[in-house]
Amino acid sequence: MSFKTGKTYHGFKLLEARHVDEINSDAKLFVHEQSGARLLHLGNEDDNKVFSITFRTPPENSTGVPHIVEHSVLCGSRKFPIKEPFVELVKGSLNTFLNAMTFADKTMYPVASRNEKDFRNLMDVYLDAVFYPQMLETPAILMQEGWHYELPDKEAELTYKGVVYNEMKGVFSSPDAILEHQIYASLFPDTTYGVESGGDPEFIPELTQEQFVAFHKKYYHPANSYIFLYGDMDLADNLKFLDAAYLKDFTGIEIDSEIPLQKPFEEMVVKVVDYPVSPDESTNDKTFITLNIVAGKATDPESYLGLMMLEHILLETPAAPLKKALLDAGLGKEVFGSYNKSILQPTMTFGVGGANPEQVDLFKETVYEVLNKLVTEGLDKKLVESSVNIFEFHLREANYGKHPKGLVYNIKCLDSWLYDENPLIHLAYEPALEKIKQQFKHGYFEQLIKNCLLKNPHQALVTLKPNSKLGASKSAESKAKLAKYKAGLSQAELAALVEQTKALKIRQETPDAPEKLELIPLVELKDIDPQAEKLVAEEHKQQGITVLLHPLFTNRIAYLNLYFNTGAVAEAELPYLFLLADILGKVDTEKYPYAELAKETNIHTGGFAYDVFAFSENSDDQIYTPMFRVKAKALVSKLPELFGLLGDITGGSLFTDAARLKELIRELKATWDTALFRRGQQVVASRLLSYLSPVAKYNEVGQLTYYKFIVELEQNLDARINEIGRTLAKVSQIIFNRNNLFIGITCENEDYQAFCRSLPVLLGKLGTKQYEAVTYSFQAKARNEGLMTSGKVQYVAKGGNFRRLGFGYHGSMKVLETILRYDYLWNRIRVQGGAYGAFAQFDRSGNVVFGSYRDPNLADTIKVYDETVDYLNNFTAETVSKREMTKYIIGTISTMDTPLTPQMKGERADVAYIRNISQRDLQQERDEILATKQQDIHQLAQLVEKVMKADTLCVLGGEQLIQANKELFGELVTVIE
681 MSFKTGKTYH
691 GFKLLEARHV
701 DEINSDAKLF
711 VHEQSGARLL
721 HLGNEDDNKV
731 FSITFRTPPE
741 NSTGVPHIVE
751 HSVLCGSRKF
761 PIKEPFVELV
771 KGSLNTFLNA
781 MTFADKTMYP
791 VASRNEKDFR
801 NLMDVYLDAV
811 FYPQMLETPA
821 ILMQEGWHYE
831 LPDKEAELTY
841 KGVVYNEMKG
851 VFSSPDAILE
861 HQIYASLFPD
871 TTYGVESGGD
881 PEFIPELTQE
891 QFVAFHKKYY
901 HPANSYIFLY
911 GDMDLADNLK
921 FLDAAYLKDF
931 TGIEIDSEIP
941 LQKPFEEMVV
951 KVVDYPVSPD
961 ESTNDKTFIT
971 LNIVAGKATD
981 PESYLGLMML
991 EHILLETPAA
1001 PLKKALLDAG
1011 LGKEVFGSYN
1021 KSILQPTMTF
1031 GVGGANPEQV
1041 DLFKETVYEV
1051 LNKLVTEGLD
1061 KKLVESSVNI
1071 FEFHLREANY
1081 GKHPKGLVYN
1091 IKCLDSWLYD
1101 ENPLIHLAYE
1111 PALEKIKQQF
1121 KHGYFEQLIK
1131 NCLLKNPHQA
1141 LVTLKPNSKL
1151 GASKSAESKA
1161 KLAKYKAGLS
1171 QAELAALVEQ
1181 TKALKIRQET
1191 PDAPEKLELI
1201 PLVELKDIDP
1211 QAEKLVAEEH
1221 KQQGITVLLH
1231 PLFTNRIAYL
1241 NLYFNTGAVA
1251 EAELPYLFLL
1261 ADILGKVDTE
1271 KYPYAELAKE
1281 TNIHTGGFAY
1291 DVFAFSENSD
1301 DQIYTPMFRV
1311 KAKALVSKLP
1321 ELFGLLGDIT
1331 GGSLFTDAAR
1341 LKELIRELKA
1351 TWDTALFRRG
1361 QQVVASRLLS
1371 YLSPVAKYNE
1381 VGQLTYYKFI
1391 VELEQNLDAR
1401 INEIGRTLAK
1411 VSQIIFNRNN
1421 LFIGITCENE
1431 DYQAFCRSLP
1441 VLLGKLGTKQ
1451 YEAVTYSFQA
1461 KARNEGLMTS
1471 GKVQYVAKGG
1481 NFRRLGFGYH
1491 GSMKVLETIL
1501 RYDYLWNRIR
1511 VQGGAYGAFA
1521 QFDRSGNVVF
1531 GSYRDPNLAD
1541 TIKVYDETVD
1551 YLNNFTAETV
1561 SKREMTKYII
1571 GTISTMDTPL
1581 TPQMKGERAD
1591 VAYIRNISQR
1601 DLQQERDEIL
1611 ATKQQDIHQL
1621 AQLVEKVMKA
1631 DTLCVLGGEQ
1641 LIQANKELFG
1651 ELVTVIE
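Residue numbering for the sequence shown is 681 to 1657, as defined by the working numbering.
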């Protein structure tokens, strides 16, 4: 069907139609004439279709109302009156993306699917949810998703509970989240950006049901909506559906959702704020100092792109001048920064972590001195060229991993569309990029520094300093407030609160009626491809090296993975492998100083990355292959330069610059200090499995063990720096050896010869000495650690290894993961327990992990894990319908069938090759998933029971709660000292 500008189609008037070359899509911008809804369609050949509806939702306070509404609209609606339609979709749709997201000024509801029928189902459920939610009449939804007073009986301690309340307690356990909130509160004291849209736990309990409902009624109207469609679809049919099923029932109204501009400051604001650390934790070198500037406009594509590049130039590479100056001045241990372009008035942040409060003035002076010097003397032209090149590479590559391209494009559109500007200006980036490329050698970025940063008083100097008493005083304050509130209640009010707590629990525990669940549309098993996706791989030999070629269309980009076997590295030196992965490319080489190396890398390639991982044999974690992986990408025409640089990095890195090594180790320590709690889920799962499995023990060396290693190095840097350099050189010499090497390359068939011609450039730099493999003494030992932090929530893990208990792997275990994650654990740990989430994982090698995250509980969660056995014993054909089983199978397949980029397909085939997982193994797993019956799940009760009885657990969380449950643990460990 052809569309003409100015014509109306199913109520939608076409305002603009154009081809966007940069994303090879036909864009059509509409308005729904009756309701006022805006709609953008990006049409192309991508079968991974995306739909979203977004509302402009500027909050007025920090009660988290936009965030809680985002959770709550997905708790039942007019057409789908069940408690958790979202979960039913996760369990039983072929979605490739399904989520909802709260931003500072908007709330977004995106879905994606490759299946036409499924795509329409997802649209229908989401549209009904946002326009007709049950939350408007059901106070229990705010109580569950937001907050409520929890009082099991009159004598019990009164507490706060709620999913978002606990989620945000977890978020605010991290100093970087506290810092970000304080930055925006300082820069935007008079506008919506100065409050916390996600909710501050201190203020969430101030939200009332009336305010909650009023927020939805004000903002959730088509006239305040931005509808997005992307991909290969029948546009006319989707417009017809949107109009007939929803929009025709609304009439356009005036909605005041405008986001006012913050009046510019006349002078810098200075703010100092405390954040909590553990009572026994040192407060030295734990301060964050930041300079923050409101810079540029979200609706100006040139400053949008230019200021992103400027932040990269100043801070994001080893050659970055501001980063280098701050570290050289001894200001903190890590330098960080960002350019947040996704708000009306974007912000630039320069910061240091691992500093001390008395360094604030020096920090400020250093930043201004560097910026003024760069304006006067000019930026290094090669550095600027390298940053512009890497940005251009990533723009043209458009590689967004597992995220659908349409979702990323949607968010970019909203960066202008939400502020009443054309939604295509950031997608059609070529004019802005071309202007920057033409002008960067003639003072373009120097002018940006001068005009947007130096001549701009709209700034805030925000310092976040540690306080070892704050956590306890905040906790005591909250308890006292609750105790005072409870003491002021009459007996009748206490009884009502107990009754309310019980009523909510009953509601949460009562399953939805089967006939209501059947209202959620479901695709059929016949809609699923029974064939497992093929592993695309051809094995070749090149110069004696095994090469796995993945011949796929890559738009003339080569994606390389170099796998070096690390089995000859001594056990005591394994942490140095992870350190090597963190510092390669950031130290001098025989050919380049590290700053020049960074420039050359960004000029000629799409970047390098390094990691360490042990891969278990297909079904036996006693046998594993430890690897150091180098990931690289470049245009095929740049392969000679790529291999030249890789040869220099792997064969010629120097570890003799003591000052540089100290700088990098201090930076790593500071980064881990702030990131550890954010990684809590990963840390506890890894630690737990390390008790059970040699391959997991190896991989855990890169988690908490590595952090402890970095802490110990940092405490003894002067005494150990020469030893550190020698050990890094030794480990590097052992692993970067052509005898250890296996290569995976993803490129087009005709480009393989270019790879073969360039490979000798690398091989000539690698060693050829034979090293004997080492036998590691990894012993299974359940340490059952309680890892204590200043955090306010827990990450609780329990598990085991089913192969050691006499069981084998079966595809039905993947279905069990879906059932537990989105039924049993979702209801018990998230809905009833108030945690942000929970999961269960069963892998081929036998390892099992049950985990919760941002969880207010500890012992209660372990009890829920143990009671999984009762749930499975009751999981039969009599208690679980055939339709429910179909839903679980579909949900399982959808997680396996997420579309992969060519790079990801290549890596998937590499891993299968290393682990000896064949196409036949993958097909068998898929066949077993598709054939799973209730009885298969029921029979897994025995396996889970044996795992739980082994009583192996690990918890990362608040010191008070872990100490209160110390009898559960074999060891108590203070994580950050």
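Every residue, glycine too, gets a C-beta built ideally from N, C-alpha and C.
query: Where does Met681 fall in DSSP's three states?; result: coil
query: Within the segment 1580 to 1630, note down every full alpha helix (DSSP H) run reaching 4 residues or more, in order along the chain.; result: 1582 to 1595, 1599 to 1610, 1614 to 1619 and 1621 to 1629
query: Looking at Ile1401 and Lys1342, is the spacing between their C-beta atoms short of 8 Å?; result: yes
query: Quick check: Val1476 and Gly1531, are their CB atoms within less than 8 Å of each other?; result: yes
query: From the DSSP output, read off the bridge partner residues of Arg698.; result: Ala707
query: Would you identify the three-state DSSP class for Phe799, choosing helix, strand or coil?; result: helix
query: I'd like the list of long-range same chain contacts for Glu825, defined as Cβ closer than 7 Å, with 5 residues on each side in sequence excluded.; result: Ile748, His751, Ser752, Cys755, Gly842, Val843 and Val844
query: Between Gln1603 and Val1560, which are expected to be in contact by the criterion C-beta below 8 Å, what is the C-beta distance as a whole number of angstroms?; result: Not really, about 26 Å apart at Cβ, beyond 8 Å.
query: If you draw a straight line from the C-alpha of Tyr873 to the C-alpha of Arg736, how long is it?; result: 13 Å
query: Grab me the residues of Trp1097's own chain with a C-beta within less than 8 Å of its C-beta, minus the 5 sequence neighbours each way, in chain order.; result: Arg718, Leu720, Tyr906 and Pro1103
query: Spatial neighbours of Thr1190 within its chain, please: CB distance less than 7 Å, with the 5 preceding and 5 following residues excluded, ordered by chain position.; result: none
query: In or out: Ile1658 buried (at least 16 other Cβ within 10 Å) or exposed?; result: No answer is possible for residue 1658: it lies beyond the span of the chain, which begins at 681 and ends at 1657.
query: Select from Ser682, Glu1497, Ile762 and Phe1649 the residue whose C-alpha is nearest the C-alpha of Val1624.; result: Glu1497
query: Pick helix, strand or coil for Gln824, following the three-state DSSP scheme.; result: helix
query: Could you round the C-beta distance between Glu1198 and Arg1563 to whole angstroms and report it? I think they count as a contact, below 8 Å.; result: 7 Å
query: My assumption, with CB atoms under 8 Å, is that Thr734 sits in contact with Lys786. Please give the rounded CB distance.; result: 5 Å
query: Does the beta carbon of Val1627 come closer than 8 Å to any beta carbon on chain D?; result: Given the protein chain composition of this structure (a single chain), no chain D is represented.
query: Smallest Cα separation from Gln1643: which of Gly1466, Gln1223 and Lys1478?; result: Gly1466
query: Please determine, among Lys729, Thr967 and Lys920, the residue with the shortest C-alpha to C-alpha distance to Thr1351.; result: Thr967
query: What first and last residue would you give for the beta strand (DSSP E) that runs through Ser1018?; result: Glu1014 to Asn1020
query: In the DSSP assignment, find the beta strand (DSSP E) that holds Tyr1290 and state where it starts and stops.; result: Phe1288 to Glu1297
query: So, under 8 Å CB-CB, Leu1006 and Thr1046 are touching, yes? Tell me the CB distance rounded to an integer number of Å.; result: 6 Å
query: Using only alpha-carbon positions, find the residue among Asp1577, Asp706 and Ser773 that is nearest to Ala1212.; result: Asp1577
query: Helix, strand or coil for Arg1346, going by three-state DSSP, please let me know.; result: helix
query: Contact between the segment 1477 to 1495 and the segment 1530 to 1546 is defined here as three or more beta-carbon pairs at a separation below 8 Å; is this criterion met?; result: yes
query: Could you tell me the distance, in whole angstroms, from the CA atom of Met781 to the CA atom of Pro1084?; result: 15 Å
query: Suppose you measure from the CA of Tyr1432 to the CA of Arg1076; what does that come to, to the nearest Å?; result: 21 Å
query: Roughly how many whole angstroms lie between the Cα atoms of Val893 and Thr685?; result: 39 Å
query: Around the Cβ of Tyr1048, are there at least 16 other Cβ atoms within 10 angstroms (buried) or fewer (exposed)?; result: exposed
query: With DSSP run on the structure shown, which of helix, strand or coil describes Gln1039?; result: helix
query: Would you report the Cα separation of Gly1010 and Gln1395, rounded to the nearest angstrom?; result: 16 Å
query: Can you say whether Leu941 is buried or exposed, counting buried as having 16 or more other CB atoms within 10 angstroms of its CB?; result: exposed
query: Just to confirm the assignment: which complete alpha helix (DSSP H) runs, minimum length 4, are found wholly within the segment 1066 to 1125?; result: 1085 to 1097 and 1110 to 1119
query: Please report the residue range of the alpha helix (DSSP H) in which Arg1437 lies.; result: Tyr1432 to Leu1443
query: If you drop the 5 nearest sequence neighbours on each side, which residues of the same chain put their C-beta closer than 6 Å to that of His875?; result: The sequence as given places Val at residue 875; His does not occur at that position. So the qualifying residues of the chain are Pro739, Asn741 and Ser742.
query: Hey, how far is the Cα of Leu1174 from the Cα of Lys834?; result: 6 Å
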